[in-house]
Amino acid sequence: MQKVIFICLFLLSSFSMKAENRVVTSPNGKTIVKLVDDGGLLNYQVEYDGMLMLEPSGLGLRTDIDDFTKDLKFVKEESSRIEDTYTMDRTKASKVHYTANKLEVTYSTVQNHQITIVFQVSDNNVAYRYLIPQQNSGETKIVKVLEEASSFKLPQSTTTFLSPQITPMTGWKRSKPSYEEEYVAEAKLSEKSQFGVGYTFPCLFHVGNEGWVLISETGVDSHYCASRLSDWNAQRGYTIAFPQEGENNGVGSAFAAFGLPGVTPWRTITVGASLKPIVETTIPFDVVKPLYDRKYTYKPGCYTWSWLVWQDNSINYNDQVSFIDLASKMGYEYCLVDGLWDESMGHSGIEKLSSYAQDKGVNLMLWYNSNGYANDAPQGPRDIMNNSINRKKEMAWMQKNGIKGIKVDFFGGDKQETIKLYEDILSDANDYGLYVIFHGATMPRGWERMYPNYIASEAALASENVFFSEHHAKKEGFELTMHPFCRNTLGAFDWGGVIMNRYMSRDNKSRHPRYTSDVFEMATAITNQVAFNCVEITPESEKTLSDWEIDFLKKIPSQCDETRFLAGYPTKYFCVARRYGDTWMAAGINGTEQPIKVLLDLPEFAGKTVKLLLDKNKKKGQIVADSEMKQVKVGKNGKIAVVLQPMGGVILCE
Numbered sequence: 198m199q200k201v202i203f204i205c206l207f208l209l210s211s212f213s214m215k216a217e218n219r220v221v222t223s224p225n226g227k228t229i230v231k232l233v234d235d236g237g238l239l240n241y242q243v244e245y246d247g248m249l250m251l252e253p254s255g256l257g258l259r260t261d262i263d264d265f266t267k268d269l270k271f272v273k274e275e276s277s278r279i280e281d282t283y284t285m286d287r288t289k290a291s292k293v294h295y296t297a298n299k300l301e302v303t304y305s306t307v308q309n310h311q312i313t314i315v316f317q318v319s320d321n322n323v324a325y326r327y328l329i330p331q332q333n334s335g336e337t338k339i340v341k342v343l344e345e346a347s348s349f350k351l352p353q354s355t356t357t358f359l360s361p362q363i364t365p366m367t368g369w370k371r372s373k374p375s376y377e378e379e380y381v382a383e384a385k386l387s388e389k390s391q392f393g394v395g396y397t398f399p400c401l402f403h404v405g406n407e408g409w410v411l412i413s414e415t416g417v418d419s420h421y422c423a424s425r426l427s428d429w430n431a432q433r434g435y436t437i438a439f440p441q442e443g444e445n446n447g448v449g450s451a452f453a454a455f456g457l458p459g460v461t462p463w464r465t466i467t468v469g470a471s472l473k474p475i476v477e478t479t480i481p482f483d484v485v486k487p488l489y490d491r492k493y494t495y496k497p498g499c500y501t502w503s504w505l506v507w508q509d510n511s512i513n514y515n516d517q518v519s520f521i522d523l524a525s526k527m528g529y530e531y532c533l534v535d536g537l538w539d540e541s542m543g544h545s546g547i548e549k550l551s552s553y554a555q556d557k558g559v560n561l562m563l564w565y566n567s568n569g570y571a572n573d574a575p576q577g578p579r580d581i582m583n584n585s586i587n588r589k590k591e592m593a594w595m596q597k598n599g600i601k602g603i604k605v606d607f608f609g610g611d612k613q614e615t616i617k618l619y620e621d622i623l624s625d626a627n628d629y630g631l632y633v634i635f636h637g638a639t640m641p642r643g644w645e646r647m648y649p650n651y652i653a654s655e656a657a658l659a660s661e662n663v664f665f666s667e668h669h670a671k672k673e674g675f676e677l678t679m680h681p682f683c684r685n686t687l688g689a690f691d692w693g694g695v696i697m698n699r700y701m702s703r704d705n706k707s708r709h710p711r712y713t714s715d716v717f718e719m720a721t722a723i724t725n726q727v728a729f730n731c732v733e734i735t736p737e738s739e740k741t742l743s744d745w746e747i748d749f750l751k752k753i754p755s756q757c758d759e760t761r762f763l764a765g766y767p768t769k770y771f772c773v774a775r776r777y778g779d780t781w782m783a784a785g786i787n788g789t790e791q792p793i794k795v796l797l798d799l800p801e802f803a804g805k806t807v808k809l810l811l812d813k814n815k816k817k818g819q820i821v822a823d824s825e826m827k828q829v830k831v832g833k834n835g836k837i838a839v840v841l842q843p844m845g846g847v848i849l850c851e
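Last residue of the sequence shown: 851 (this note's numbering), numbering continuous.
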């Protein structure tokens, strides 16, 4: 329940009364935002604990009504305190108490059109957005936002950890952009993006050796487009960039439009002296609300998936039965049937398969192509999810036959038209008791709270690429120690598999190997935050696993209640502790070729004997080290030293 406490300005030390220079401070006083009116040009800057994290950066919108980027005149301001306690599932924390100081400042243009800028500043987090009221005494009821002046100017000492956006209608079957490009770590601000069109959210920055900044957006729904950051400009920094004209095969506008009064999505900035606030932030969910009520209960869990290693040829009745049997044996709740099932089995075959699965205590999830005009991807079912009539008929059929979820793939970009498709799929799916996973898709932006049947998105260069090429198999450690600090910290991440095959082939003997250890892979079930974990275990890989590995895989937790960052550095290593109900588990992964020694602080395990899953020293000629399980006693102070072997991992659990 949210309560807003209004306080007189002269009593509230968090805000100053200067007309040209307004200040809003976080509840703990460490995060400070200064809003400056420089002759009608607005900018803001962000400090954390005395360190300048963002230099003066631009504000404003250019619309079809008026230009709200210049010649602005102060009208009024209002300050308040926000307190909101909410519960969630499918995220890194099940209960959150959000406290922030809020500042709303209204300005008018020369033509007397008004805009309000809203800042909410919590400890380590800044969120801001624009509110446009009805104009001309209510005569103007709609607006087109053509451009944002919102910018983010990092200090020159900053290095970047960014993934580039790509040009539209490129890549395999003209299916990009799909947020599946390679991260570049520790680059200079001046380095141009790979494709010349900026960077996808979220964006991570290291401000010298003094602190970290994570920039993104949240609250994007059908009323706006999704955005990204431009390339760096020495004068302005990074600016908000709207979708490219060619996205979604050119269909839909590259600007945003909505009715008045209306608001833009929130721009979010997380700051800290260490990476802890970055990993633990809940800002994507703090400032949004559910858009509809959940009609059905969605049970988190694990699922098997044949396609990752067995590929298209496995989408047949008999192979899917083997993965249903495996899911049942492992105690998993679900089995995902991937694309082309409409050709190989048809609806009648799926009905039979779903009945078989339910008899085994397993429910099916089905793959769908998102639409018929955004790309040339041939896999079906096509032309269902993009059409409301076809979609509802199909969802009614799924509900009748006990299907519990859908994975929808191959979206066309970030235009408002495409965001509306995401929302329509989610809303309709909720009516038919279906949860939704998106692949070949944009990054989620607060969607776990906004859409209660939303589960996760891919939105990264994910596990399928480990199968596709040895290059990406070798880079798996790099990627999976990057995402916890960036992509995954702001939204559930369907990486697509705790990969237990030693080789990327059906026989588990041919093609290229996996370059990570078994414990590394099992640890990703904890280091990757998602409530529905895909476990890539096959009948062949099962034979290679020890009893203790099988035992762990059977007990992979799902719904996380609390997250605590332990140690790490982007693209190098990552260690985290998570609470699942009353049970704590800790895990670490090493993405490098060198061993890393880490002292973990685990007060929950103080004085207890726990299981330690780890890798042995790598023998000469080994691709990855052998794994083992030990019983170890944690010191009374809760501290334990562990060694993360090259491309290896550790897990600690009771």
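Backbone N, C-alpha and C fix where the C-beta goes; we use that ideal spot for every residue, glycine too. Please read these numbers as outputs of a predicted model, since none were measured by experiment.
Just to confirm, is the Cβ distance from residue 631 to residue 603 under 8 Å?
Sequence index remark: in the sequence shown, residue 631 carries index 434 (1-based). Sequence index remark: in the sequence shown, residue 603 carries index 406 (1-based). Yes.
Pick from 247, 779, 270 and 334 that is closest to residue 233, judged by C-alpha positions:
To locate residue 233, count along the sequence shown from 1; it is residue 36. Checked all of 247, 779, 270 and 334; the closest Cα to residue 233 is 270.
Quick one: Cα of residue 267 to Cα of residue 835, how far?
Within the sequence shown, numbered from 1, the residue matching residue 267 stands at position 70. Within the sequence shown, numbered from 1, the residue matching residue 835 stands at position 638. Taking the straight line from one Cα to the other gives about 56 Å.
Just the Cα atoms here: how many angstroms apart are residue 613 and residue 705?
Residue 613 sits at position 416 when you count from the first residue of the sequence shown. Residue 705 sits at position 508 when you count from the first residue of the sequence shown. Each residue's CA atom was taken as its position, placing residue 613 and residue 705 some 44 Å apart.
Excluding the 5 residues preceding and the 5 following residue 589 in the sequence, name in chain order all residues of the same chain whose CB lies nearer than 7 Å to its CB.
Within the sequence shown, residue 589 is the residue found at index 392, counting from 1. So the list reads 625, once near-sequence residues are dropped.
Whole angstroms are fine: how far does the CA of residue 526 sit from the CA of residue 515?
As a first step, residue 515 must be located in the sequence shown, where it is residue number 318. As a first step, residue 526 must be located in the sequence shown, where it is residue number 329. Cα-Cα distance, rounded: 17 Å.
Report yes or no: do the stretch 556-571 and the stretch 531-543 share at least 3 C-beta pairs separated by less than 8 Å?
Yes: the two stretches touch, three or more of their Cβ pairs being nearer than 8 Å.
With burial defined as no fewer than 16 other Cβ atoms inside 10 Å of the residue's Cβ, what is the status of residue 339: buried or exposed?
The sequence position of residue 339 within the sequence shown is 142, counting from 1. With fewer than 16 other Cβ atoms within 10 Å, it is exposed.
Can the beta-carbon of residue 418 be found closer than 8 Å to that of residue 295?
By one-based count along the sequence shown, residue 418 stands at place 221. By one-based count along the sequence shown, residue 295 stands at place 98. For the pair residue 418 and residue 295, the CB atoms are not nearer than the 8 Å cut-off.
DSSP three-state label for residue 202, please.
Translated into positions along the sequence shown, residue 202 becomes position 5. Residue confidence is low: residue 202 scores 41 on pLDDT, short of 50, so the model does not pin down where it sits. Its coordinate-derived value is still stated next. DSSP places residue 202 in strand when its eight states are reduced to three.
Does the stretch 386-393 come into contact with the stretch 427-435, if we say contact requires no fewer than three beta-carbon pairs (one atom in each stretch) closer than 8 Å?
Result yes; three or more Cβ-Cβ pairs closer than 8 Å.
Over what stretch of residues does the alpha helix (DSSP H) that includes residue 588 continue unbroken?
Position 391 of the sequence shown, counted from the first residue, corresponds to residue 588. Counting along the chain, the alpha helix (DSSP H) containing residue 588 begins and ends at 585-597.
Would you call the stretch 690-700 and the stretch 641-656 touching, i.e. three or more CB-CB distances under 8 Å?
yes
What ranges does the beta strand (DSSP E) occupy inside the stretch 373-460, keeping only unbroken runs of at least 3 residues that lie completely in it?
381-385, 400-404, 408-415, 435-438 and 453-456
Beta-ladder partner(s) of residue 509, from DSSP
Indexing the sequence shown from 1 puts residue 509 at position 312. None; residue 509 has no bridge partner.
If you reduce the DSSP assignment to three classes, tell me which class residue 462 lands in.
On the sequence shown, position 265 is the one that residue 462 refers to. In the structure shown, residue 462 sits in coil (DSSP, three-state: anything other than H, G, I, E or B).
Looking at the unbroken beta strand (DSSP E) that takes in residue 339, where does it start and where does it end?
Looking up residue 339 in the sequence shown gives position 142. Where residue 339 is concerned, the enclosing beta strand (DSSP E) stretches over 339-345.
Under three-state DSSP, which class holds residue 361?
In the sequence shown, counting from the first residue as 1, residue 361 sits at position 164. Of the three classes helix, strand and coil, the one that applies to residue 361 here is strand, per DSSP.
Of the choices 804, 481 and 290, whose alpha-carbon is the least far from that of residue 324?
The residue you call residue 324 lines up with position 127 of the sequence shown. Of the listed residues, the one whose Cα sits closest to residue 324 is 481.
Residue span of the beta strand (DSSP E) that contains residue 713, given as start and end:
Position 516 of the sequence shown, counted from the start, is the residue given in the question as residue 713. No beta strand (DSSP E) holds residue 713; DSSP gives it neither H nor E.
Mind checking residue 716: buried by the 16 CB within 10 Å criterion, or exposed?
Here residue 716 refers to the residue found at position 519 when the sequence shown is read from its first residue. So residue 716 counts as buried.
Quick check on the DSSP output: what are the complete alpha helix (DSSP H) runs of length 4 or more inside the stretch 516-547, in order along the chain?
538-541
Nearest CA to the CA of residue 470: which residue from 573, 245 and 368?
For the purposes of this step, residue 470 is identified with residue 273 of the sequence shown, where counting begins at 1. Of the candidates 573, 245 and 368, the one whose C-alpha sits nearest the C-alpha of residue 470 is 245.
Based on the DSSP output, what are the partners of residue 242 in its beta bridges?
Here the question's residue 242 lines up with position 45 in the sequence shown. Its beta-bridge partners are 231.
Report the rounded CA-to-CA distance for residue 453 versus residue 611, giving the unit in angstroms.
Counting from one through the sequence shown, the residue named residue 453 turns up at place 256. Counting from one through the sequence shown, the residue named residue 611 turns up at place 414. So the two alpha carbons sit approximately 11 Å from each other.
Let me know the secondary structure DSSP gives residue 798 once reduced to three states.
Residue 798 sits at position 601 when you count from the first residue of the sequence shown. It is a strand residue.
If you compare alpha carbons, which of 738, 676, 730 and 722 is closest to residue 701?
As a position in the sequence shown, residue 701 is number 504, starting the count at 1. For the residues 738, 676, 730 and 722, the minimum Cα distance to residue 701 belongs to 738.
Please return the same chain residues whose Cβ sits closer than 8 Å to the Cβ of residue 213, not counting the five positions on each side in sequence.
Sequence index remark: in the sequence shown, residue 213 carries index 16 (1-based). Note on residue 213: pLDDT 41, under 50, position unreliable in the model; no value is reported.
Enumerate, from N- to C-terminal direction, the unbroken beta strand (DSSP E) stretches of 3 or more residues contained entirely within the stretch 244-311.
248-255, 258-260, 270-284 and 292-305
Would you mind sorting residue 814 into buried or exposed? The rule is 16 or more other CB atoms within 10 Å of its CB.
Sequence index remark: in the sequence shown, residue 814 carries index 617 (1-based). It is exposed - the Cβ of residue 814 has fewer than 16 other Cβ atoms within 10 Å.
Residue 462 versus residue 699 - alpha carbon distance
Residue 462 sits at position 265 when you count from the first residue of the sequence shown. Residue 699 sits at position 502 when you count from the first residue of the sequence shown. Computed Cα separation, rounded: 44 Å.
Tell me which residues share the same chain as residue 448 and place their Cβ nearer than 7 Å to its Cβ, disregarding the 5 neighbours each side in the sequence.
In the sequence shown, counting from the first residue as 1, residue 448 sits at position 251. Closer than 7 Å at Cβ, skipping near neighbours: 570 and 614.
Whole angstroms are fine: how far does the CA of residue 288 sit from the CA of residue 299?
The sequence position of residue 299 within the sequence shown is 102, counting from 1. The sequence position of residue 288 within the sequence shown is 91, counting from 1. So the two alpha carbons sit approximately 25 Å from each other.
According to the neighbour-count rule (16 or more other Cβ atoms, all chains shown, within 10 Å of its Cβ), is residue 240 buried or exposed?
For this step, residue 240 is matched to residue 43 along the sequence shown. Per the 10 Å Cβ criterion, buried.
What residues in its chain sit with their C-beta under 6 Å from that of residue 712, if we drop five residues either side in the sequence?
The residue labelled residue 712 in the question sits at position 515 within the sequence shown. Answer for residue 712: 670, 671 and 844, listed in chain order.
According to DSSP, is residue 208 part of a helix, a strand, or is it coil?
Here residue 208 refers to the residue found at position 11 of the sequence shown. At residue 208, the pLDDT of 34 sits below 50, so the modelled position is not reliable; the number obtained from the coordinates is stated separately. If DSSP states are grouped into helix, strand and coil, residue 208 belongs with the helices.
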